[in-house]
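**Student:** Provided herewith is a single structure, encoded as structure tokens, for subsequent inquiry.
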Amino acid sequence: MNSVVTAGKFITFEGIDGAGKSTHIEAVQAFLLARGKAVVMTREPGGTELGEAVRGLFLGRSMSPHTEALLVFAARREHLEKVVWPALERGDWVLCDRFTDATFAYQGGGRELGFERIASLAHWAHPDFTPDLTLLFDLSPDAAHDRVARRGELDRIESEAAEFHRRVRDAYLQRAEDEPERIKVLSSEQSKDTVRSRVLVCAQQLLAREA
Ligand code: TMP
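Take 75 as the starting number for the sequence shown in the working numbering and just add one per residue.
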């Protein structure tokens, strides 16, 4: 399936580890459910049985940057075919914790594979398909690292050097600059309530576009 019928909407949540995206996904879910939408919550890597197995490998094993990129795209295609596209065809709203912008940021930026390589994989795996809205939670890598460290043991990516996380953040911000209509940057330096209301304004604007 290359051209996807999307009666529903696809919203993705992005940011460096510790930037606080996960806390806001549930707020968007509640907001949409209250407005009568069917909502599917999912994540990457993951979202399917195969995807969750890939996630275990991805976070637990050491591998080359190219392998990382290929693995996440393999899991992504499965996720799109089995979960995301069927939900969008039904008219559901899909809220996805990370998607292809994460591969641009982590493998393209953090691992320095560059945007062009990631763009060609994206074109191969999901041509003409992109989120309707992406919320990018932005925080300085130092502050984000403190938050992650407080949560406990770090995974393979979280324990990368500060310089890696700086490249990931810069790559995310570059993506937002390249696609300002789709990618909305929300500074996580503000209070949780302020960020939450900005998040809901973005969701409301997308709902209004549908009407
Ligand atoms: P999570 O902690 O937000 O669930 O994400 C898992 C980790 O996987 C996180 O450190 C970011 C990383 N990741 C990539 O490196 N590339 C990708 O394409 C995706 C989706 C996640």
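Idealized CB from N, CA, C, for every residue including glycine. The structure presented is a predicted model; accordingly, all values stated were derived computationally and were not measured.
Check whether the segment 97 to 113 and the segment 267 to 279 touch, using three or more Cβ-Cβ pairs below 8 Å as the test.
**Tutor:** Verdict: yes, contact present.
**Student:** Using DSSP bridges, identify the partner residues of Leu207.
**Tutor:** Answer is Ile85, bridged to Leu207.
**Student:** Leu169 lies in the beta strand (DSSP E); which residues open and close that run?
**Tutor:** Counting along the chain, the beta strand (DSSP E) containing Leu169 begins and ends at 167 to 171.
**Student:** Which of helix, strand or coil does DSSP assign to Met75?
**Tutor:** With a pLDDT of only 45 at Met75, under 50, the local geometry of the prediction cannot be trusted, and the value read off the model is given with reservation. In the structure shown, Met75 sits in coil (DSSP, three-state: anything other than H, G, I, E or B).
**Student:** Report the option in Arg283, Thr268, Lys266 whose CA atom is closest to the CA atom of Glu255.
**Tutor:** The shortest Cα separation from Glu255 among Arg283, Thr268, Lys266 belongs to Arg283.
**Student:** What beta strand (DSSP E) runs, 3 residues minimum, are completely inside the segment 118 to 194?
**Tutor:** Here the runs fully enclosed are 167 to 171.
**Student:** From Asn76 to Thr177, what distance separates their C-alpha atoms?
**Tutor:** Note that Asn76 has pLDDT 44, beneath the 50 cutoff, so the model's placement of it is unreliable and the number below is only indicative. When rounded, the distance between both Cα atoms is 20 Å.
**Student:** Comparing C-alpha positions only, which one of Phe132, Gly184, Glu163 sits nearest to Ser113?
**Tutor:** Reading the sequence as shown, one finds Val at residue 113 and not Ser. Considering only alpha carbons, the answer is Glu163.
**Student:** When you compare the CB positions of Thr61 and Pro215, do they come within less than 7 Å of one another, or not?
**Tutor:** With the chain running from 75 to 285 in the structure shown, residue 61 is simply not present.
**Student:** For the ligand TMP, I want to know if Asp212 counts as a neighbour, meaning its beta carbon is within less than 6 Å of at least one of the ligand's heavy atoms.
**Tutor:** No.
**Student:** Helix, strand or coil for Asp202, going by three-state DSSP, please let me know.
**Tutor:** Coil.
**Student:** Among the candidates Leu260, Leu280, Leu281, whose CA atom is the shortest distance from the CA of Lys95?
**Tutor:** Minimum Cα distance to Lys95 is reached at Leu260.
**Student:** What is the rounded straight-line gap between the Cα of Glu186 and the Cα of Ser265?
**Tutor:** Using only the alpha carbons, I get a separation of about 32 Å.
**Student:** Report yes or no: is there a C-beta of chain B within less than 7 Å of the C-beta of Ala148?
**Tutor:** No chain B is part of this structure, which consists of one protein chain only.
**Student:** Starting from the C-beta of Leu281, find all residues in its chain whose C-beta is less than 7 Å away, skip the five residues before and the five after it, and write them out in chain order.
**Tutor:** Hits under 7 Å: Arg109.
**Student:** When you compare only the Cα positions, how much space is there between Arg243 and Leu124?
**Tutor:** If I take the Cα positions, the gap works out to 28 Å.
**Student:** Determine the direct distance from the alpha carbon of Arg249 to that of Gln279, and round the result to whole angstroms.
**Tutor:** Looking at the two C-alpha atoms, the distance is approximately 21 Å.
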